[in-house]
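Here is the structure we will look at.
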Ligand code: C2E
Ligand code: MG
Ligand code: MG
Ligand code: MG
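The following block contains the structure:
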């Protein structure tokens with residue numbers, strides 16, 4: 434009896450795995466060519482400076498408008514894109530469009546307004562395969578965007594593995610003037626010694642730490658420590674996932690530099706972002 438149940442259990446388990454594999458294979462098939470079919474686009478989430486609430490830039494986030502399933506988040510398909518190698522063609526396209534769009538923002542702003550940065554997520558494979566600095570240089574050249582306005586976001590774990598090679602690559606990008614930000618900071622726990630060795634300009638505190646601020650004293654203590662540590666190394670601190678006014682004011686009081694999150698604005702398409710810029714400009718003109 435028990436043996437039978439075990440067998441059934443195994444069958445059930447193996448069927449669940451089959452389904453997961455099948456689903457992964459299907460995502461991979463549909464993902465291949467999704468960009469060429471025009472199903473993919475970039476959404477932009479605004480990033481604000483906490484001290485004066487000024488808009489300073491935006492993060493580019495990939496969106497997949499699936500013909501049947503609607504919008505699919507990159508958290509579902511980026512891993513497939515990475516493992517299948519689809520990211521090798523997708524990654525450079527994302528960079529190209531982000532640089533091109535950032536030039537369009539300039540036209541929507543006053544001439545004397547601070548130039549906005551665009552921040553692009555880059556996955557581990559993009560650092561290992563292909564020549565990222567060359568791709569970046571080509572995108573800057575083609576769009577006319579200044580390297581200073583481009584940020585590259587990498588996760589801590591990307592940087593920790595294969596440190597020597599990654600450090601050399603990041604150094605090349607920084608020499609061009611591109612800024613390097615460490616994404617989801619705090620989750621990989623790389624700590625102070627690591628930040629000293631790897632050349633980075635900013636850290637983005639993972640939203641899991643921000644979520645319970647100010648209720649959770651541990652999260653607040655950790656965030657405060659990250660800010661102090663980063664500032665001692667001249668590294669900019671960004672808080673991700675700010676959803677409440679209270680979080681924003683506590684983070685500002687603790688000296689956090691920049692913030693993004695639903696409280697400030699959801700990711701929007703390029704037209705939505707241009708509309709936001711026009712609205713900002715109109716508001717400034719109405720005051721001044
Ligand atoms: P990430 O870089 O950490 O991006 C932040 C994610 O948090 C985004 O999810 C964003 O929509 C979401 N978010 C922003 N504000 C809030 C908030 O206040 N509350 C909550 N709960 N969430 C918020 P999204 O767009 O689904 O992207 C997921 C991840 O996929 C990104 O995490 C990034 O690692 C990756 N990704 C996105 N676009 C690209 C890309 O073009 N290339 C690569 N390689 N990875 C990408
Ligand atoms: Mg990011
Ligand atoms: Mg993040
Ligand atoms: Mg917590």
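In full-length UniProt numbering, the protein residues as written are 434 to 721.
In this text, a Cβ means the ideal position worked out from N, Cα and C, and glycines have one as well.
- Judged by DSSP secondary structure, residue 586 falls outside any alpha helix (DSSP H) and instead within the beta strand (DSSP E) spanning 583-588.
- Residues of the same chain with a CB within less than 6 Å of the CB of residue 620, apart from the 5 flanking positions on each side, are 639 in chain order.
- For the region 447-515, the full-length beta strand (DSSP E) segments reaching 3 residues or more read 473-482, 488-499, 503-505 along the chain.
- Cβ neighbours of residue 558 within its own chain (closer than 6 Å, five residues either side excluded): 515, 520.
- The residue from 615, 581, 637 with its alpha-carbon nearest to that of residue 672 is 637.
- Cβ atoms of residue 478 and residue 698 come within 8 Å of each other, at about 6 Å.
- Note on geometry: alpha-carbon atoms of residue 611 and residue 602 lie some 12 Å from one another.
- Judged by their CB atoms, residue 714 and residue 542 are nearer to each other than the 9 Å cut-off.
- Along the region 607-669, the alpha helix (DSSP H) occurs as fully enclosed runs of 4 or more residues at 624-630, 640-643, 650-665, listed in sequence order.
- When Cβ pairs closer than 8 Å are counted between the two stretches, the region 445-456 is seen not to touch the region 471-490, the count staying below three.
- The distance from the Cβ of residue 590 to that of residue 525 is about 22 Å, inconsistent with a contact at the 8 Å cut-off.
- Here residue 485 is exposed. Its C-beta has fewer than 16 other C-beta atoms within 10 Å.
- Around the beta carbon of residue 700, 16 or more other beta carbons lie within 10 angstroms, which makes this residue buried.
- CA-CA distance, residue 642 to residue 688, rounds to 16 Å.
- Boundaries around residue 552 are those of the beta strand (DSSP E), 550-554, since no alpha helix (DSSP H) includes it.
- With a threshold of 16 other beta carbon atoms within 10 Å, residue 665 falls short and is exposed.
- At least one heavy atom of ligand 2 is found less than 8 Å from the C-beta of residue 616.
- Residue state for residue 578 is assigned as coil, using DSSP reduced to three classes.
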